[in-house]
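Chains as they are written, first to last, in the UniProt record's numbering: chain A, 1 to 519; chain B, 1 to 677.
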Amino acid sequence: MSQNDIRLQVMWNRLLSVVEEQAKTLVRTAFSTSAREAGDISAGVFDVEGRMLAQAVTGTPGHINSMARSVKHFLAKIPAAEMKEGDHYVTNDPWLGTGHLYDVVVTSPAFHKGKMVGLFSCTVHVVDIGGIGLSPDGRQIFHEGVRIPIMPLAREGVVDQWLIDLIRANVREPVQVEGDIYALMACNETGERRLSAMLEENGLDDLEVLGEHIIARSREAMLKEIAVLPKGTWKSHMRIDGMEAPIDLHATLTIAEDHIAVDYAGTSPQSGFGINCPLCYTDAYTAFGVRCIVGPEIPNNAGSLDLIRVTAPEGSIVNALFPAAVNARSTMGHMMPDVVFGALDQALPGRVPAEGTSNLWNLKLGAGQGLTGATARPFMATMFHSGGAGARPAQDGLSATPYPSGVKNVPVEVTETVAPLVVWRKDLRDGSGGEGKYRGGDGQIMEVAHRHGEAFGIFATFERVTYPARGRHGGADGAKGVVKLGSGAVLKAKGFQVIPAGDRLVVEMPGGGGMFPKE
Amino acid sequence: MQHRLAVDIGGTFTDLVLEAPGRTFSHKLLTTPDAPERAVIEGTRILLRSAGVEGAAIGLVLHGTTLATNALIERKGARTALITTQGFRDSIEIAYEHRFAQYDLTMERPVPLVPRALRYTVPERIAADGGVLLELDEAALREVCAQARADGVTAIAICFLHSFTNDAHERRAAEIVAEMLPEVSLSLSCEVCPEVREYDRASTTIANAYVRPLMDGYLAGIEEGLRGLGLNAPVLMMMSSGGLCTVGAARRFPVRLVESGPAGGAILARHVAAQNALDRVLAFDMGGTTAKLTLIDHGKFHMARSFEVARAYRFVQGSGLPIRIPVIELVEIGAGGGSIARHDSLGRIQIGPDSAGSKPGPACYGLGGTLPTVTDADLLLGRLDPERFAGGTMRLHPAASEQAFAAMGTSAPVGVAEIVDETMASAARVHAVENGEDTAGRTMIAFGGAAPLHAARLAQKLGIAKVLVPRGAGVGSAHGFLQAPIGFEVVRTRYTRLDTLDEAALETMFSEMRAEAEEVVLQAATREGLVETRTAFMRYRGQGHEIAVPLVAGMAATALHDAFVAAYRTIFGRAIPGLQPEVMTWALSLARPVGDPAVLAVPAPSDVPAPLQRRALTDPATGLTQEAALHARDDLAPGALLRGPALIIEDETTTVVPAGWTARINAAEQILLELLP
């Protein structure tokens with residue numbers, strides 16, 4: 001390793017710490033529970049051409065490639081030459097950002113000594129974005145809230161108050177949404193300051209040499225990983241619940257000499273409800289699934305991601321087109337790694353886990369005029385929770401743990417402090433993990449009531465209620481999920497429903513699939 | 001001035017320092033894990049002899065220990081049970097429902113200290129507002145007690161939901177358990193950690209219960225053993241927060257002692273900072289397996305409210321047990337002299353977190369180690385003199401180091417030194433930004449066996465131009481105990497919105513907290529001179545992370561608002577217009593501050609003796625190898641000035657003075673390294 005290589009590695013490490021600092025600023029200043037409790041955010045640095053050089057490791061694989069692509073959309077609309085120091089640009093367009101309106105992306109040019117040297121971008125899931133709320137019941141994107149095209153948020157340090165007013169007028173929690181937008185700007189500003197200090201200290205004028213090094217090194221490393229894999233094409237299929245009808249997910253995975261391609265031809269057409277997934281988000285979770293098996297320690301950047309190519313037929317549910325409703329696009333996105341693993345397992349036996357719950361089993365609860373009737377305390381609360389993950393090739397699956405998402409839960413005591421709810425039970429659901437030599441992870445059982453016995457509503461987006469997580473190589477399937485009332489009636493797995501006054505919501509989360517027959 | 005004794009029990013060594021008027025005596029001996037008091041008593045006997053005094057001459061004993069930490073890491077605590085709210089048996093196993101290693105499909109969460117069979121539940125429920133939703137089922141609790149007896153439990157943690165808001169059920173349950181199981185050691189979450197977030201609170205309470213019988217026995221043993229030497233002075237324990245408490249308090253809340261060793265090191269650094277009138281300091285402690293970095297600003301530590309102990313899965317953040325106690329905020333990374341270096345799949349150098357430890361040790365120890373370590377790299381760069389390591393008691397073998405590095409290429413030692421320093425530098429930078437601080441322009445204070453070897457280069461990476469290496473850095477923590485203030489902190493989680501702030505109720509709560517703190521502090525200090533500090537942990541309504549806001553007594557809501565906005569702006573650059581702040585947690589600390597030491601005078605220049613020899617020294621910053629003068633630290637008098645490249649050796653470490661740096665010996669015989677402009 002030459003002295004120059006060492007210097008470049010040191011600066012690469014530094015760039016990774018710059019984006020980690022950027023991400024920490026966002027978590028510490030954000031308002032939405034998804035960001036502050038669950039860590040559902042992303043942050044990264046890009047070269048002036050919009051190629052991603054480094055990305056913080058956060059709880060959100062869904063932003064891996066979607067955010068990386070997003071910056072190119074920004075540059076296509078606002079050329080770098082027009083960007084000035086102190087500018088911030090924004091969008092939440094699902095097809096230009098990270099897949100649904102709730103994710104607000106802010107991209108900001110970074111300057112050093114008066115010259116633009118790159119861009120910082122970050123994403124946060126805001127508390128509310130208007131429309132029908134957290135529900136998959138929307139039929140078109142227009143039902144789902146305010147859509148912000150790519151546009152300036154601040155010009156030379158001055159925030160566009162007219163835009164902020166427009167957003168505030170369209171959301172249920174204007175103060176917190178504005179707070180999140182400030183957090184996004186603070187996040188990129190932290191990145192820009194740290195980058196400038198790094199360039200100064202290393203006597204560099206820009207990121208060109210370092211950027212080329214990062215991209216070339218990562219690309220080489222991925223090529224090396226791919227080179228040792230068996231070449232060929234493998235297919236897989238997984239059926240999931242869907243909303244109005246079951247959905248068939250078909251994947252064709254090709255390991256070529258110099259890249260891996262995943263195509264979703266044959267997958268069901270887009271839904272009439274908000275469980276559709278734009279391609280950027282399909283791409284993100286597909287790439288994540290592949291990267292967990294192939295070169296997991298290689299950092300995410302344009303060099304490593306370029307070698308995983310994801311395609312899907314236009315108008316399929318994993319490449320949903322405008323104006324499809326996409327609010328609950330993670331319903332599809334979270335399933336991508338399981339479909340990828342189905343194919344990879346044939347190419348690389350013994351490397352991939354069994355299917356898991358995969359979708360987050362978030363309890364999105366609320367009450368208010370027009371939803372549940374008059375109440376002294378309207379509320380909206382999202383509790384992040386998970387069922388069981390699939391058994392691993394030589395280990396049991398993790399119980400009550402998300403995969404592929406990596407978010408944290410919201411503590412019961414925090415939920416009960418911010419919303420008039422009482423969680424009466426939150427225990428592992430014994431025996432829900434599929435049997436096998438290695439057992440699937442167990443789900444959990446939660447029982448929730450209103451603190452004062454009033455009615456409250458659930459915006460359900462649950463999967464694995466009809467079709468369970470399948471075991472692999474003779475392992476048993478995980479238990480299906482159950483959503484019901486304490487009084488016994490079964491609820492639908494998707495859509496808004498009311499838990500009547502005095503009753504409880506009972507959620508039995510699915511278990512993961514087992515691995516190999518039980519001995 | 002009275003005699004004082006400081007004792008630090010580490011995993012390998014027990015360090016003792018006896019401070020006599022005008023002189024200190026120190027002694028290091030192997031820890032005796034089966035009965036740790038033995039090494040303490042033995043070491044004390046030796047020091048009393050060296051100082052020529054009787055035990056009765058000692059006026060105060062200061063003590064810190066990693067025993068509690070080690071019991072948690074090695075899982076050698078009591079057979080502990082949990083009694084919790086029905087419906088929440090698995091809460092400590094479900095933890096945060098989190099994958100802390102995103103891309104690693106084989107990760108495992110920490111195994112709870114209490115197995116499921118010993119997690120008992122009883123019907124009861126308190127609401128978030130403190131109201132009782134379900135009365136405590138005493139009959140069910142009595143059945144649980146019978147079961148615990150049958151299960152042979154010796155310690156019990158009681159953790160009910162929302163007990164930090166209403167502790168009635170936990171206290172009633174404690175009465176019943178105490179009555180039915182009088183032999184069992186009890187820890188209540190409303191006492192150990194009265195704060196929101198059920199998993200963190202339970203984890204902390206269980207850790208306390210788990211180490212309590214052990215610490216109880218040990219602390220009783222040490223008091224008795226010292227009395228046997230005629231030493232009847234009060235014993236004060238070092239806490240993770242950097243404060244001291246009585247043995248009585250330590251026996252109730254042993255979990256508060258877990259980071260006492262690093263806290264001692266940080267206190268030493270603060271003392272050195274005061275001697276040198278330094279406002280902005282970065283303390284840097286690097287030993288065999290880990291490095292610790294701490295910011296000290298204007299004589300104050302940054303404090304944290306939680307940390308992780310016993311990281312079980314590859315030392316990854318998130319793989320340990322969360323402990324919520326006041327702790328000096330420090331960043332600890334798996335990088336030390338023994339850390340093993342290798343190439344990853346990208347051909348990049350990776351270091352640690354695994355360490356060759358003391359057995360087999362780095363390859364150059366010649367004790368059978370074959371893997372290249374940071375110490376091997378340091379040796380090959382010429383930073384260590386193989387003939388004079390550990391005072392010449394242990395010969396190093398450069399050939400073994402070369403062999404260990406053979407597979408990594410000839411430039412690997414430079415790369416390893418650079419990458420380990422860069423790893424520590426990035427950890428320091430992230431740590432600084434989390435505290436709204438910067439590393440540039442600080443003075444570094446370096447101690448621990450490996451720190452003086454890496455300090456100058458690390459400093460450069462952090463924009464630091466001054467480094468101080470104190471004398472006696474090898475027993476730094478014990479030295480630090482002698483400088484610690486006597487103090488105790490009380491914390492209450494009480495969610496408060498500023499628009500409904502009841503100032504009278506707030507004052508009442510603070511008086512109660514003050515009384516609780518006094519109960520501890522007055523055992524070791526008089527009432528006068530005590531300083532009370534109040535802090536609110538605040539955020540904008542809707543945020544999830546609080547910042548610490550200093551309070552003054554009787555602050556009205558508007559003043560509290562302004563104090564928050566000022567603190568927020570300092571950390572994050574800009575405040576958010578129109579948002580309402582709220583308070584989650586209140587803290588009161590009561591301490592008898594230690595007066596700052598006198599600032600050192602500048603000594604007159606003194607001559608530098610001829611170097612012992614000259615050695616080839618490679619500077620990783622440039623890759624250049626130059627002749628460096630080798631000096632013994634004891635040969636350099638205050639006022640001596642050296643120019644790099646040079647090496648200053650002592651028994652426990654070597655200070656590297658790279659080219660472009662000078663080294664100056666100050667009045668306290670500390671080495672001051674300065675980067676030439």
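C-beta: ideal position from N, C-alpha, C; glycine also.
Per DSSP, T558 of chain B is one residue of the alpha helix (DSSP H) stretching across 557-572. Q9, V10, N13, R14, L16, S17, E20, E21: these are the residues of the segment 9-23 of chain A whose beta carbon lies less than 8 angstroms from some beta carbon of chain B, given in chain order. DSSP, reduced to helix, strand and coil, places Y120 of chain B within a strand of the structure shown.
Within the same chain, and ignoring the five residues on either side of V196 of chain B in sequence, the residues whose Cβ sits closer than 6 angstroms to its Cβ are T493.
Judged by DSSP secondary structure, L30 of chain B falls within the beta strand (DSSP E) whose first and last residues are 23-30. Around the beta carbon of F322 of chain A, fewer than 16 other beta carbons lie within 10 angstroms, which makes this residue exposed. Beyond the five residues adjoining it in sequence on each side, A400 of chain A comes within less than 6 angstroms, by CB distance, of S386, Q444 in the same chain, given in chain order. The beta-carbon distance between I158 of chain B and L188 of chain B, rounded to whole angstroms, is 5 angstroms. This is short enough to meet the 8 angstroms contact definition. Around the CB of M509 of chain A, 16 or more other CB atoms lie within 10 Å, so the residue is classed as buried.
Rounded to whole angstroms, the gap between the alpha carbons of T58 of chain A and A23 of chain A is 8 angstroms.
Shortest Cα-Cα distance from A312 of chain A to any of A:A391, A:N276, A:F46, A:H112 involves A:N276.
Setting aside the 5 residues that flank it on each side, G230 of chain B is surrounded in the same chain by E54, G55, A56, each with a C-beta closer than 6 angstroms to its C-beta; the list follows chain order. Chain A has no Cβ within less than 9 angstroms of the Cβ of G334 of chain B. When beta bridges are read from the DSSP output, R342 of chain B appears opposite B:Q350.
About 5 angstroms separates the CB atoms of L676 of chain B and G660 of chain B; that is less than 8 angstroms, so the two are in contact.
Annotated as distal: I267 of chain B and L282 of chain B, with beta-carbon spacing of 9 angstroms or more. With a minimum length of 4 residues, the unbroken runs of alpha helix (DSSP H) contained wholly in the segment 44-74 of chain B fall at 67-74. For G449 of chain B against G476 of chain B, the beta-carbon gap comes to about 10 angstroms, at or over 8 angstroms, which does not count as contact.
Shown here, T357 of chain A sits in coil according to DSSP, grouped into three states, outside any helix or strand. DSSP, read as helix, strand or coil, puts H73 of chain A in helix. With 16 or more other Cβ atoms from the protein chains shown falling within 10 Å of its own Cβ, W12 of chain A counts as buried. The beta carbons of S240 of chain B and I328 of chain B sit closer together than 9 angstroms.
Within the model, the alpha-carbon separation for F341 of chain A versus G50 of chain A is close to 30 angstroms.
In the DSSP assignment, R89 of chain B forms no beta bridge with any residue.
Judged by pairs of C-beta atoms under 8 angstroms, the segment 235-246 of chain A touches the segment 329-343 of chain A, as three or more such pairs exist. Contacts with chain A at 9 angstroms (Cβ-Cβ) include H162 of chain B. Within the DSSP bridge table, the entry for M515 of chain A names A:Y438, A:R472 as partners.
In the displayed model, A150 of chain B falls within a helix according to three-state DSSP.
According to DSSP, residue pairing for W234 of chain A in a beta bridge involves A:L253. The continuous beta strand (DSSP E) containing D619 of chain B extends over residues 613-619. Here A629 of chain B really is in contact with A646 of chain B; their C-beta atoms are around 5 angstroms apart, less than 8 angstroms. In terms of beta-carbon proximity, V521 of chain B stays away from the interface with chain A, with every pair separated by 9 angstroms or more.
Assignment of M383 of chain A by DSSP, reduced to helix, strand and coil, places it in the strand class. Interface with chain B (9 angstroms Cβ-Cβ cutoff): F120 of chain A is excluded. A check of alpha carbon separations from Y403 of chain A across A:P149, A:E355, A:A154, A:L505 identifies A:E355 as the nearest. Between E532 of chain B and S589 of chain B, the CB-CB gap stays under 9 angstroms.
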